[in-house]
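The opening residue of the sequence shown carries number 106 in the working numbering; numbering runs sequentially from there.
Every residue gets a Cβ at the ideal spot worked out from N, C-alpha and C, and that includes glycine.
Note that the coordinates shown come from a computational prediction; the quantities given were computed from them, not determined experimentally.
Comments concern the structure below.
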Amino acid sequence: MATITIVGTQWGDEGKGKIVDILSEYVDIIARFQGGHNAGHTVYLNKQKYILHSIPTGILHPNKTCIIGNGVVIDPNAFIQEVEALKKLGVKIAPENLRVSKRAHLIMPYNCTFDLEREKKKGKNKIGTTGRGIGPAYEDKMARVGMCIGDLLHEDTLTKSIQNALPEKNSLLKNYFETQEISPETLLEECKKYGDILKDYLADTSVLLNKAMTEGKDILCEGAQGTMLDIDHGTYPFVTSSNCIAGQACIGLGFGPNKVDGILGVTKAYTTRVGNGPFPTELTDDIGKSIQDKGKEFGATTGRPRRCGWFDAVGLRYAIRVNGLQTIALTKMDVLDHLDTIKVCTGYKWKGETFHDFPYEAKILQECTPIYKEISGWQKTIHGTKQYEDLPQKTKDYVKFLQDTLEIDISIVSTGFERKETIFINNSLLDQWLKLSNRLVN
Ligand code: IMP
């Protein structure tokens, strides 16, 4: 298995949480490499629902090490609350099994205010952010006025950083957003308090990971959000503020690109999007509503309803290209059980032109007409099916059609929320990776 990166291929919420959870059993370390608590990875275990935001999904496996890399942004207050909430559900979380990179940047209280206030000012043109301060925290990192979580351990560095950042922030808070300024003394005291609570979790996680690789440990790099939300490759400006694609695993964790052995993309059997922005295959009719209801398509972080639509093979081919995907986990297949016809978008038409490559222009994505291939639905429940052979022929035809259209291996078909409601496809790439590391799927 060695080092495998898992990423979302659409607009997030593809079911990465479940896939990372089941694969965590076969590795030693699970490491998050970007995003923050805007992410919401939902995992069902024995009917108990767990929602992870900043903490890697692998934490639900008590004997694994979880790492939060330098590419993640952390709101210390939200992080502490998440740890406490998971502990209450019986999840083991301690500095022995959760290590946080000292280089991860902090989300400060003013980052959150900026995020919310900017969205208010944008009105109907808002991005539809999660309002968690993610974008402003990454901005501060790039503007070199950010604070690393490791700074919490050094009062002198922290004091200087706060003095460096606050005058500009306070001026904007007071004059532009017309909200309350932040006192440097109060902020410093708050940060010191967080430092006391978090100090034992902090480490140089790049050293830990590279050492683990040398020792032959198996590692899962866990992406958040999805390709179409990537700051460089997504549907800009309706994107998140980090790179969500596979290349970011190296940057956000601190190892070389030559260390990654495999890249797996997680893809829903249809498409969803939360927040604003173009969505060529969106369904605003009863079919969309039925997918939303059956798929429980409501945001894990904000509870917002997710927009639903047909599978977009143009977008997927793009995700395969920019991530270098080698294999795919197809999730939420059972949500399509009730449909008599299923559509897959194979191209876009715009002003007489046909696009098979995902266009850069948001305008084209907004105005194009999808070209659909219609596929007959299976209209039987496949919920909970565990063996590929037990799927109806029409479900297999849908999987085969996607595989041929996308020209990629499919390793997993997920048929329900629970761990056991999963089909591992024999001789898929993932199967081979697991066999190579002698960690066979039973
Ligand atoms: P932000 O990441 O909070 O700045 O939000 C920017 C865009 O990314 C918005 O459209 C959000 O809805 C979307 N987004 C952020 N995190 C997730 C996620 O985990 N799943 C789906 N969409 C997300």
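Do you know offhand how far residue i's Cα is from residue j's?
i, j, result
"P214", "G238", "8 Å"
"N547", "A183", "In this predicted model, N547 has a pLDDT of only 48, less than 50, meaning its place in the structure is not dependable; the value taken from the coordinates is given anyway. In a straight line, the C-alpha of N547 is about 37 Å away from that of A183."
"N269", "F343", "30 Å"
"I302", "R411", "36 Å"
"T319", "K207", "22 Å"
"Y155", "T436", "18 Å"
"Q508", "T520", "17 Å"
"K231", "K316", "44 Å"
"L325", "D261", "36 Å"
"I198", "T310", "17 Å"
"N428", "N143", "21 Å"
"P181", "S159", "10 Å"
"E458", "L271", "51 Å"
"K297", "L257", "6 Å"
"D390", "Q397", "11 Å"
"P383", "K265", "42 Å"
"N168", "F360", "23 Å"
"D245", "K225", "20 Å"
"S395", "L221", "31 Å"
"L289", "I212", "What sits at residue 289 in the sequence shown is Pro, not Leu. Those two C-alpha atoms are separated by around 16 Å."
"C473", "H259", "53 Å"
"E294", "V205", "21 Å"
"K121", "A308", "26 Å"
"L278", "L541", "55 Å"
"N151", "A329", "24 Å"
"L157", "A190", "10 Å"
"K174", "V312", "The question names Lys, but residue 174 in the sequence shown is Gly. Those two C-alpha atoms are separated by around 11 Å."
"K304", "I185", "12 Å"
Is the beta carbon of residue j closer than 7 Å to that of residue i?
i, j, result
"G404", "V379", "yes"
"E286", "N275", "yes"
"P200", "Y299", "no"
"V178", "G233", "no"
"I164", "A209", "no"
"S516", "I528", "no"
"F506", "Q353", "no"
"I513", "I425", "yes"
"G370", "I267", "no"
"Y423", "F463", "yes"
"K499", "S481", "yes"
"D323", "V132", "yes"
"L511", "L441", "no"
"L314", "L358", "yes"
"Y493", "S346", "no"
From the DSSP output, read off the bridge partner residues of residue i.
i, result
"T432", "L369, D514"
"A136", "I172, C326"
"C413", "T377"
"S346", "Beta-bridge pairing links S346 to no other residue."
"Y453", "F460, P475"
"Q153", "L150"
Can you name, in chain order, every residue of its own chain whose Cβ lies under 7 Å from the Cβ of residue i, other than the five neighbours on each side?
i, result
"T407", "T235"
"G331", "G113, T114, Q115, W116, G117, E119, C349"
"Y149", "F522, E523"
"L548", "As shown, the chain starts at 106 and ends at 547. That puts residue 548 outside it, with no answer to give."
"H166", "S129, E130"
"H338", "T332, I350, V427"
"I356", "G176"
"W455", "I469, E472, C473"
"K192", "I198"
Starting from the C-beta of residue i, find all residues in its chain whose C-beta is less than 6 Å away, skip the five residues before and the five after it, and write them out in chain order.
i, result
"T386", "T376, G414, W415, D417, C450, P475"
"F219", "P241"
"E479", "T446, K448"
"T170", "I134, N202"
"L292", "I267"
"Q393", "The amino acid at residue 393 is misidentified as Gln; the sequence shows Gly. Closer than 6 Å at Cβ, skipping near neighbours: C413."
"T110", "C326, A351, A354, V365, I368"
"K373", "E119, T436, K437"
"L444", "G482"
"G251", "H210, D245"
"P362", "C355"
Report all residues from its chain with a CB closer than 8 Å to the CB of residue i; omit the five preceding and five following residues, and keep chain order.
i, result
"D536", "S516, F529, I530, V546"
"W538", "M106, A107, I109, D366, G367"
"Y341", "A467"
"V125", "I111, I135, H146, P161, T162, G163, L325, E327"
"E187", "H142, L157, H158, S159, I160"
"L194", "Q153, Y155"
Contact criterion: CB-CB distance below 7 Å. Does residue i meet it with respect to chain C?
i, result
"D390", "Absent from the structure is chain C; it holds one protein chain and no more."
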